[in-house]
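In my numbering, the protein residues as written are 38 to 174.
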């Protein structure tokens with residue numbers, strides 16, 4: 038397969054604790070799909086699941102035209118993690134990454150990827166709740 042045959046989607050918009058990863062080919066067909074559910078004990082499975090998806094779909098990293106992050110999660114960690122993985126792929130494989138509010142067709146994504154900057158910032162929908170702020174008198 039040539040480099041422009043597959044687009045990787047990382048979707049965080051459906052359920053708060055899930056990332057859906059899938060590949061679309063030039064015919065707008067899903068080549069492979071996985072849903073990762075994040076729990077307290079399972080926060081580091083995105084990259085291994087992505088590797089497994091590519092292997093199952095018989096798609097190499099070099100077959101990817103780009104990455105589309107469909108944002109919308111309410112979880113800070115998931116938003117940060119998907120942005121990290123997408124930007125890592127952009128940097129390592131020199132492929133563009135875009136963000137979207139909803140799913141795109143292959144042709145829509147391809148058009149946006151060709152004019153995209155190399156990296157995307159994480160999109161957060163609220164302040165992180167990692168630390169508790171100090172109370173003021």
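C-beta atoms are modelled at their ideal positions from N, C-alpha and C, and glycine is treated no differently.
Opposite residue 45 in the DSSP bridges: which residues? As a working note, residue 45 is residue 8 in the chain shown. In DSSP, residue 45 forms a bridge with 60 and 104.
Kindly list the residues whose CB is nearer than 7 Å to the CB of residue 123, restricted to its own chain and excluding five residues on each side of it in sequence; keep chain order. For the purposes of this step, residue 123 is taken as the residue at position 86 of the chain shown. Contacts found: 47, 104, 106, 134 and 157.
Strand pairing of residue 115, partner residues [DSSP]: Position 78 of the chain shown, counted from the first residue, corresponds to residue 115. DSSP, once it has assigned bridges, lists no residue as partnering residue 115.
Roughly how far, in whole angstroms, is the beta-carbon of residue 126 from the beta-carbon of residue 43, given that I think they are within contact range, below 8 Å? By 1-based counting over the chain shown, the position of residue 126 is 89. By 1-based counting over the chain shown, the position of residue 43 is 6. That belief does not hold up - the Cβ atoms of residue 126 and residue 43 are roughly 12 Å apart, past 8 Å.
Go ahead and pull the three-state DSSP assignment for residue 51. Counting from one through the chain shown, the residue named residue 51 turns up at place 14. Coil at residue 51, not helix or strand.
Using CA atoms only, rank isn't needed, just tell me which of 51, 93, 57 and 79 is closest to residue 68. The count along the chain shown starts at 1 and reaches residue 68 at position 31. The shortest Cα separation from residue 68 among 51, 93, 57 and 79 belongs to 93.
Which value, in whole angstroms, describes the spacing of the CA atoms of residue 146 and residue 120? Reading the chain shown from its first residue, position 109 is the one you call residue 146. Reading the chain shown from its first residue, position 83 is the one you call residue 120. Cα-Cα distance, rounded: 17 Å.
Taking the alpha helix (DSSP H) that residue 93 falls in, what are its first and last residues? For this step, residue 93 is matched to residue 56 along the chain shown. Its alpha helix (DSSP H) spans residues 83-94.
How big is the Cα-Cα spacing for residue 50 and residue 71? Here residue 50 corresponds to residue number 13 of the chain shown, with the count starting at 1. Here residue 71 corresponds to residue number 34 of the chain shown, with the count starting at 1. Using only the alpha carbons, I get a separation of about 15 Å.
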